[in-house]
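This report concerns only the one structure given below.
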Amino acid sequence: MNILVFGEILWDIIEEKEHLGGAPLNFAAHTAQLGNNPSIISAIGRDRLGTQALQELSKLSIDTQFVQVLKETPTGTVQVKLDNGQPRYEIIEKVAYDYISFDEIDTRLLSEYDVFYFGTLAQRSRESRDTLAKLFVHGSFQHIFCDLNLRKGCYSTETITSSIEQCTILKLNDEEVEVVSSLVFDSKSGDPSEFWKLVKDRFPNVEIMIVTLGKEGCQIMTKDVDLHIPAEPCQVKDTIGAGDAFSAAFVSDYLTHGDLTLAGQKANKVAAFVASSNGAIPQLPADFL
Numbered sequence: 308m309n310i311l312v313f314g315e316i317l318w319d320i321i322e323e324k325e326h327l328g329g330a331p332l333n334f335a336a337h338t339a340q341l342g343n344n345p346s347i348i349s350a351i352g353r354d355r356l357g358t359q360a361l362q363e364l365s366k367l368s369i370d371t372q373f374v375q376v377l378k379e380t381p382t383g384t385v386q387v388k389l390d391n392g393q394p395r396y397e398i399i400e401k402v403a404y405d406y407i408s409f410d411e412i413d414t415r416l417l418s419e420y421d422v423f424y425f426g427t428l429a430q431r432s433r434e435s436r437d438t439l440a441k442l443f444v445h446g447s448f449q450h451i452f453c454d455l456n457l458r459k460g461c462y463s464t465e466t467i468t469s470s471i472e473q474c475t476i477l478k479l480n481d482e483e484v485e486v487v488s489s490l491v492f493d494s495k496s497g498d499p500s501e502f503w504k505l506v507k508d509r510f511p512n513v514e515i516m517i518v519t520l521g522k523e524g525c526q527i528m529t530k531d532v533d534l535h536i537p538a539e540p541c542q543v544k545d546t547i548g549a550g551d552a553f554s555a556a557f558v559s560d561y562l563t564h565g566d567l568t569l570a571g572q573k574a575n576k577v578a579a580f581v582a583s584s585n586g587a588i589p590q591l592p593a594d595f596l
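Note that the sequence shown covers residues 308 to 596 in this note's numbering.
Set out below in structure tokens:
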């Protein structure tokens with residue numbers, strides 16, 4: 308399956324060590340491990356971190372034909388602090404992925420892709436946000452997957468609303484349900500099932516909504532079903548990349564086999580493995596593939 312990913316390429320700086328990351332990149336890397344063909348639309352700086360990012364993307368089997376290299380703007384970085392295994396982010400602004408240019412994208416190639424993935428962080432800047440909007444106009448994808456991935460100070464009600472308007476599969480976590488309920492629907496409900504009623508009534512384009520619930524697993528909803536799938540037990544080391552691994556496994560499994568329950572179980576299993584491993588993109592066991 309050919310998967311096109313839009314968004315940030317960045318380096319997480321954790322205890323002075325540099326780790327390649329960004330939710331779109333993590334997602335793409337895991338889809339590649341699961342046997343798919345991902346390409347990423349992003350931008351990096353003409354600097355050491357940008358060069359290293361391209362090298363790592365190649366090793367991760369992520370196609371880089373849509374990665375733009377900017378002369379005057381640095382590659383993205385994030386200062387990450389772990390608090391009981393949970394990441395806290397200081398996201399540096401005015402970096403390369405804030406300036407993804409639509410004019411540099413050969414739109415004739417978009418027809419080669421089955422699935423399109425995006426989130427909200429790269430939409431914090433006008434240029435990247437406008438580029439994404441134009442991609443929706445020019446692309447024709449079987450599914451559009453939005454993982455909101457809300458980061459403090461990097462989203463708006465308008466961005467969240469327009470993102471939900473474009474996707475066929477919406478994924479968010481239980482904390483984000485409360486945020487979006489308040490901002491978009493002026494509701495105080497944090498219940499995923501009640502939230503789904505609001506989403507499906509206002510956004511009929513959304514065919515599937517997934518809410519990840521941490522150690523409680525996940526909830527998957529369509530107009531016909533409301534499934535709760537228990538989590539896989541694991542010893543958490545850090546959760547960076549676990550949500551992205553979940554998304555990658557769900558997309559890969561569901562769009563191949565069409566079974567929501569099995570896809571949710573697979574996604575929980577892969578996410579648990581990543582959460583119990585070091586790094587956001589550990590090598591997945593052979594029996595996961």
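Backbone N, C-alpha and C define an ideal beta-carbon position, used for all residues, glycine too.
Starting from Ser508, trace the alpha helix (DSSP H) in both directions and tell me its first and last residue.
With the sequence shown as reference, residue 508 is identified as Asp, and Ser is not the correct amino acid for it. Per DSSP, Asp508 belongs to the alpha helix (DSSP H) from Pro499 to Arg509.
Cys453 bridges to which residues according to DSSP?
Phe425 and Leu477
Are Leu442 and Phe313 closer than 8 Å when you measure CB to CB?
yes
Which residues in the same chain as Lys378 place their Cβ atom closer than 6 Å to its Cβ, once the five residues preceding and following it in sequence are excluded?
Arg353
What residues are listed by DSSP as bridge partners for Cys525?
Thr519 and Ile536
Is it buried or exposed, Thr414, if we count other Cβ atoms within 10 angstroms and call 16 or more buried?
exposed
Every unbroken beta strand (DSSP E) within the segment 330-408, with a cutoff of 3 residues, ordered by chain
344-352, 374-377, 383-390 and 393-398
Just the Cα atoms here: how many angstroms apart are Asp410 and Pro537?
45 Å
Quick one: what does DSSP say Asp319 is sitting in, helix, strand or coil?
strand
In this structure, does DSSP put Lys573 in helix, strand or coil?
helix
Classify Glu472: buried if its beta carbon has 16 or more other beta carbons within 10 angstroms, exposed otherwise.
exposed
Val312 - DSSP class collapsed to helix/strand/coil:
strand
As assigned by DSSP and simplified to three states, the class of Lys324:
strand
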